[in-house]
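**Q**
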Ligand code: IMP
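As structure tokens, this is what we get:
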């Protein structure tokens, strides 16, 4: 029988992405599949802390083994801001345009444009916890370019490319992204367990 694992998300895109890879050995379900409509707390000040907080919440409240992710954009010249606060950098509205505008204005005149996206996945399985991360390095460009993707994609140009994530499009992005790298680590860990 397949082992049931809850992915602490209601983002269908993320769910499909991971089910495609891990679905043959694990039954991966979302929060709505377990009837969880709670506003899960994310009050830690690190990506690791938030991912663990979300995974523990599900284990404690619902009893399922679980994994959760958290992602941030870390900009070198801004002491790694916005980092864990990426979603609400310009305020609580989770407004991607406002977040990018704020970042571009903080970066005005800065020569060092280096940044990285970092995803952390926390897994709780059989009473143990595990962390997996994925990092992609790149640069913050000076103005928005492209319309694919979401969040900070129009101002992030991954290393080795001459276009932003928003210009490269989902297919290329999903092969090289921070999230894909972290998910691949999780999936290879899970597949080794089920062999
Ligand atoms: P989450 O942890 O996946 O919800 O990501 C937190 C925030 O980081 C999002 O609201 C976005 O602002 C930003 N972010 C996460 N992943 C990406 C990405 O792949 N491209 C651009 N922005 C992202």
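Residue numbers (my numbering): 162 to 356.
Using N, Cα and C, we set each Cβ at its ideal position, and we do this for glycine too.
Just so we're clear, the structure is a prediction, and the values are computed from it rather than from any experiment.
1. Check each candidate in 233, 286, 325 and name the one with the smallest Cα separation from residue 205.
2. Report the rounded CA-to-CA distance for residue 268 versus residue 238, giving the unit in angstroms.
3. Using the three-state DSSP reduction, which class does residue 192 fall into: helix, strand or coil?
4. Can you list, in chain order, the residues of its chain with a C-beta nearer than 8 Å to that of residue 335? Leave out the 5 residues immediately preceding and following it.
5. Output the residues surrounding ligand 1, defined as those with a CB atom closer than 5 Å to any ligand heavy atom, in chain order.
6. Quick one: what does DSSP say residue 281 is sitting in, helix, strand or coil?
7. State the Cα-Cα distance for the pair residue 214 and residue 243, rounded to the nearest angstrom.
8. Among 321, 326, 318, whose alpha-carbon lies nearest the alpha-carbon of residue 311?
9. Distance, Cα to Cα, residue 125 vs residue 279?
10. Let's test the definition: count the other Cβ atoms within 10 Å of the Cβ of residue 368 and tell me whether it reaches 16, buried, or not, exposed.
11. By Cβ distance below 6 Å, which residues in the same chain neighbour residue 284 in space, the five residues on each side in sequence not counted?
12. Ignore the nearest five residues each way along the sequence and tell me which others in residue 250's own chain have a CB closer than 6 Å to its CB.
13. Just to check my reading of the structure: residue 281 and residue 231 have Cβ atoms closer than 8 Å, yes? What is that Cβ distance to the nearest angstrom?
14. Does the distance from the C-beta atom of residue 147 to that of residue 316 stay below 8 Å?
15. Which whole runs of the beta strand (DSSP E) in the region 169-243 are 3 residues long or more, in chain order?
16. Looking at residue 328: is its Cβ nearer than 8 Å to the Cβ of residue 307?
17. Pull up the distance between the alpha-carbon of residue 343 and that of residue 212, whole angstroms please.
**A** Taking the definition as stated:
1. 233
2. 8 Å
3. coil
4. 178, 341
5. 231, 232, 247, 248, 312, 313, 314
6. strand
7. 20 Å
8. 326
9. The first residue shown for the chain is 162 and the last is 356, placing residue 125 beyond what the model contains.
10. Since the first and last residues shown for the chain are 162 and 356, residue 368 lies out of range.
11. 228, 291
12. 243, 260, 263
13. 6 Å
14. Here the chain covers residues 162 to 356 and nothing more, so residue 147 does not appear.
15. 187-190, 227-236
16. yes
17. 12 Å
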